[in-house]
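Here the structure is laid out as structure tokens; the discussion comes afterwards.
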Ligand SMILES: [Zn+2]
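Residue numbers (the working numbering): 2 to 132.
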């Protein structure tokens with residue numbers, strides 16, 4: 002089966018979403034789903050241990066060389082998600098997308114348009130898009 006387009010996914014969510022028709026329900030479910038993504042990443046560190054967080058202050062380059070600046074910026078992650086944790090984080094991300102899609106449906110926002118706009122901004126801002 003091919004991956005659905007964003008439009009197809011958004012329509013599918015609309016058909017499935019019988020319980021959370023209220024904007025307030027959807028907003029609170031979005032928050033909950035987002036927190037669950039973070040929790041699953043944290044559990045990869047604290048319970049599984051496949052990734053570790055080694056954080057320190059970012060060292061910015063004095064030189065205006067972007068490649069060098071990128072090389073100095075730290076991700077603060079050591080290791081890689083194991084298959085089990087990757088599956089868990091992906092599942093939580095999926096729920097998050099579900100409720101984001103539900104929010105878009107309630108507010109008549111087309112997800113594809115949102116992604117297109119954001120992609121256009123990314124190409125305009127390029128490497129300077131640090132926030
Ligand atoms: Zn793991």
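Cβ coordinates follow ideal geometry from the N, Cα and C atoms, glycine included.
Terminal residues of the beta strand (DSSP E) in which residue i lies
i, result
"residue 43", "No beta strand (DSSP E) contains residue 43, which is instead part of the alpha helix (DSSP H) from 24 to 44."
Residue i in three-state terms, based on DSSP
i, result
"residue 1", "The question about residue 1 has no answer here: the residues shown for the chain are numbered 2 through 132."
"residue 66", "coil"
"residue 18", "coil"
Bridge partner(s) assigned by DSSP for residue i
i, result
"residue 53", "79"
Minimum C-alpha distance to residue i - residue among the options
i, options, result
"residue 39", "17, 60, 91, 29", "91"
"residue 27", "16, 61, 102", "102"
"residue 109", "89, 12, 74, 70", "12"
Boundaries (first-last residue) of the alpha helix (DSSP H) holding residue i
i, result
"residue 59", "Element bounds for residue 59: n/a, residue is neither H nor E."
Let me know the beta strand (DSSP E) ranges lying completely inside the region 70 to 127, each 3 residues or longer, listed in chain order.
If we require 3 residues or more, the beta strand (DSSP E) runs fully inside the region 70 to 127 come out as 78 to 80.
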